[in-house]
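Residue numbers (this note's numbering): 5 to 435. All C-beta atoms, glycine included, are put in the ideal place defined by N, C-alpha and C. Right, one structure below, let's go through it.
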Amino acid sequence: MGSIISRRIAGVEDIDIQANSAYRYPPKSGNYFASHFFMGGEKFDTPHPEGYLFGENMDLNFLGNRPVQFPYVTPAPHEPVKTLRSLVNIRKDSLRLVRYKDDADTPTDEEAKPRALYGVEFTFDSDARVAITIYCQAFEEFSNGMALYSPKTPALVSETVYYKRGVSQQFTLPSFKIDFSEWKEEDLNFDLDRGVFPMVIQAVVDEGDDCLGHAHVLLAAFERHVDGSFSVKPLKQKQIVDRVSYLLQEIYGIENKNNQETKPSDDENSDNSNECVVCLSDLRDTLILPCRHLCLCNSCADTLRYQANNCPICRLPFRALLQIRAVRKKPGALSPVSFSPVLAQSMDHDEHSSSDSVPPGFEPISLLEALNGLGAASPGLPSAPLYDEINFSGSLSGESRQLSSPDHSGDSGGQKSKVSKSPDSQDSFSP
């Protein structure tokens, strides 16, 4: 797909149109983006040709093609944004296929294809009752802000399974089997022109009128191996909150290295620390956009924006800095120590100290503790029970964001979380 931004020697940023040829928007008539956007309390004109400020234009193909009303009030400049509550999350790295072996796999006719029956399993977290459905070879439509999926045939959709709230719940449905012997090669992968998703896992919150418009969607494709076996690979994840869709993306450098099963090698030590890569003392709490490297403390980030415009990790030019701060409830005199992290964010123009904007009854803590538990910063303390995914969303002066905590990814780099994107806002974030 290529990189969106190509930087010339003179320091001029140029949009690579050819690299984004798969981008379907803007439509034949009109534009996808508005004529302006707000960031850091200021108004800016949309560049031409229009481009997604903090992501790739290709990502817009996974969002709806109709505008939706943004349901939140624009926060005042220098005011920390309010978080969005994400009620359900599927851990994409837990998604896998399970091969079923039975007599049906052996065809009675020598000319018949052997059946390849697979089931789907994954782990998910939910703060509410949730209804999970699997669709195969499905088309996507949006109605009133919610995604609706229609498979080619009724046999390609599973029954809806209901789960109560809980952490690290395992999804398995032996009654729904995918027979890849009946699939064509083009059905295994997502084709933008055909608009058919090989597999969609939709988890809709089912808690009555109070939680209408909340869902989580995982889009996936399949891969055939030389030995005839099949595997599944996630494509994108969507978080739908209050009928507004957000794309989840990775944040690099946010996971708890002390909890990794594999010990990093000496060559990786420089990338596995939780300290700021500039001062090497304070903990990282500032995200660089659009490359999404969480590698700076707030103090160094404030200095960097006046001295350079390149990410110290990948050297790509950055457009904004996003500070992520966390607080927890102070323990009462007779109450046990509690650990209820609340994530907030402020823009790069916010020059308040870390103790500012802390709600009454709360105290600031490190981002590492908020996402991974008290044991992340203090190995002697038992790790507090936390959800594997903590989603939050904020705004660049009215634009929505979401952040997701470390997803135990198997991809190279090892330091990943998630960020969400919405077409209503030029960027939105989510771990």
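{"query": "Nearest-angstrom Cα separation, counted from S98 out to Y104", "result": "18 Å"}
{"query": "Cβ distance (whole Å) where I122 is taken to contact F66 below 8 Å", "result": "In the sequence on display, residue 122 carries Tyr and not Ile. The Cβ separation is near 24 Å, so there is no contact."}
{"query": "Delimiting residues of the alpha helix (DSSP H) encompassing L308", "result": "N302 to Q311"}
{"query": "Cα-Cα separation, L251 to K333", "result": "30 Å"}
{"query": "Buried or exposed by the 16-neighbour rule on C-beta atoms within 10 Å, applied to A330", "result": "buried"}
{"query": "Coarse secondary structure for C318, derived from DSSP in three states", "result": "coil"}
{"query": "Identity of the residues DSSP links to V236 by a beta bridge", "result": "F226"}
{"query": "8 Å CB neighbourhood of R133 in its chain, flanking five on each side removed", "result": "Y166, Y167, K168, R169, V209, D210 and E211"}
{"query": "Buried versus exposed, by CB contacts within 10 Å (16 or more), Q174", "result": "exposed"}
{"query": "Alpha-carbon to alpha-carbon, C140 and G199", "result": "13 Å"}
{"query": "Local Cβ density within 10 Å of V102, reported as buried at 16 or more and exposed below that", "result": "exposed"}
{"query": "DSSP beta-bridge partners of G170", "result": "S130"}
{"query": "Beta carbon of F180 nearer than 9 Å to that of E163", "result": "yes"}
{"query": "Run of the beta strand (DSSP E) containing P155, from where it starts to where it stops", "result": "M150 to P155"}
{"query": "Backbone secondary structure at M5 - three-state DSSP", "result": "Summary for M5: the model assigns pLDDT 36, below 50, so the residue's position carries little reliability, and this model does not support an answer."}
{"query": "DSSP state of L436 mapped onto helix, strand, coil", "result": "Outside the shown range of the chain, which is 5 to 435, sits residue 436, and nothing can be said about it."}
{"query": "Extent of the continuous beta strand (DSSP E) run through N93", "result": "V92 to R103"}
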